[in-house]
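Residue numbers for the sequence shown follow numbering that gives the first Met the number 0, beginning at 0 and rising by one. Here a beta-carbon is modelled for each residue, glycine too, at the ideal position from N, C-alpha and C. What follows is one structure encoded as structure tokens, with my remarks underneath.
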Amino acid sequence: MVTRDVNEAPRFAARTRGVLTCGSAGWAVSDRAATMVAAGADVIQLTVGDVDVATPAHILAAARRSLDAGRTHYAPIAGEPALREAIAAHAARRYGTRVTTAQVVVFPGAQCALFSTLQCLAGPGDEVILLEPIYATYEAVVGATGATSVPVSLRADDGFTLQLELVEAAITARTRVLLLNTPNNPSGLVLGAGDVAALAALCARRGVWLVSDEVYGELTFGAPHVSPASSTLIAERLVVVNSLSKSHAMTGWRIGWAIGPADLAAHLTAFAQAQLFGSPPFVQDAAVAALTGPQDICESLRASYRQRRDALLEGLRSCRPLRTFRPDGGMFVLVDVSATGLDGGAFADRLLAGAAVAVVPGAAFGASVADCVRLGLTVPVPRLQQACERLGAWLRGR
Ligand SMILES: Cc1ncc(COP(=O)(O)O)c(C=O)c1O
């Protein structure tokens, strides 16, 4: 019989190592800023990607009605039929394709939908291609499956535009998934129809699943977002992940979804059963109101982020020697700080200490943007202007 030394240190599963990196580089500055704010400091927080406007009144009212009607019990695992229908109709409208409710599984946020999707598609020995810069949690989402992340770094000098030949060269016999995020967090790049179609065709040709994270799909400042779901080439191996967090000012409600082939949806439902046992019915009723009611919130957020982007870029013009990347969507601006002689981490640390402005070090979004920091468009224009004034004065005084 094998005996275990009861005094030995507790052991954890190998997958815990795969998620260790999750945001650690990025959130230390944010945590420190929060501590400073709690102690009364006037810190301008440009870290967390949370929208600063209230959830629209008609969505709140729907949730209240639902609570009053006693909708506080278990819900169907894959989601309430009315919400799955609303999501399928919303997707069919956006993509111009047929989407059935059998393809839709509701999750508490796009994050959970992504996590579950990757659990269903990749495992040890597999490779998942990530187009860098990446959203800070992607490495951990892949790491938790036991698969290996294969970053394809898009060049800052080209504005992080897609280089298809780099993606193609990264595909091996082990590649299972390509994870796409357009509009991109943190670069703000919005891929055009040609690039999206080319990626979809590449994935179809090479038998790779394409997972499309579209949480910023409503937040574009010029050309609209194009989803690979509009391309019929890939329908068999395409998963779209989305949520109401960013588009409808509902980050705290935790409501999102995955749409994929019906057989994948069955696996996703099994995962949802094992880990969630359904999402709260009153939140789902509010989500139906969000998807089927007035959509003014999307337009007003779009306009607001666009105005903030322009104000921030204008303010940063006098912050030499910083180099900015102009986002066409999303809610962030990426700034290259290498000409200061500091990397993104040291820059963010010193900026917080010296000017009380909190930004996220680029390393959180991949090694290739370690010389950058990310600024959120999450505060009103006057506060962004104040952040630029502090930043400029701090740079001049160094
Ligand atoms: C690119 C990207 N995907 C997914 C998420 C998670 O969104 P949700 O709140 O729907 O879980 C975020 C949140 O910031 C994000 O930036």
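Task: Rounded separation between A32 and V358 - CA only - done: 9 Å
TODO: Could you work out which residue in R253, A273, T339 is closest to I76 when comparing CA atoms only?
DONE: A273
Task: Boundaries of the alpha helix (DSSP H) in which W393 is found, first to last residue - done: 380-396
Task: Element boundaries [beta strand (DSSP E), containing T174] - done: 174-180
Task: Span of the beta strand (DSSP E), counted from its first residue to its last, around D51 - done: Per DSSP, D51 belongs to no beta strand (DSSP E) and is neither H nor E.
Open item on the list: Measuring only from the beta carbon, is T54 closer than 7 Å to any heavy atom that is part of ligand 1?
Closed with: no
Open item on the list: I need the DSSP call for R70, collapsed to helix, strand or coil.
Closed with: coil
TODO: Check whether the Cβ of A121 sits closer than 7 Å to any heavy atom of ligand 1, and report yes or no.
DONE: no
Task: CA-to-CA distance, F331 to Y94, given in whole angstroms - done: 25 Å
Task: Contact under 8 Å by Cβ, P185 with P132 - done: yes
Task: The alpha helix (DSSP H) enclosing E298, as first and last residue numbers - done: 295-315
Task: Nearest-angstrom Cβ-Cβ length linking R322 and F220, presumed shorter than 8 Å - done: Actually they are not in contact, since the Cβ atoms of R322 and F220 sit about 20 Å apart, beyond 8 Å.
Task: Beta-carbon spacing of L153, L163 below 8 Å - done: no
Open item on the list: Any residue with its Cβ nearer than 6 Å to a heavy atom of ligand 2 should be included. What is that list in chain order?
Closed with: Questions concerning ligand 2 fall outside what the structure shown contains, since the ligands it does hold are ligand 1.
TODO: Could you tell me if V52 is buried or exposed, where buried requires 16 or more neighbouring beta carbons within 10 angstroms of its beta carbon?
DONE: exposed
- [ ] Compute the Euclidean distance between the alpha carbons of P379 and R307, then round it to the nearest angstrom.
- [x] 7 Å
Task: Cβ pair count under 8 Å reaching 3, the segment 98-109 against the segment 126-142 - done: no
- [ ] With DSSP as the reference, please indicate the residues paired to A257 in a beta bridge.
- [x] V104, V240
Task: Length-filtered (3 minimum) beta strand (DSSP E) runs lying within the segment 311-352 - done: 331-335
- [ ] Can you check DSSP and say which residues form a bridge with S211?
- [x] L179, V239
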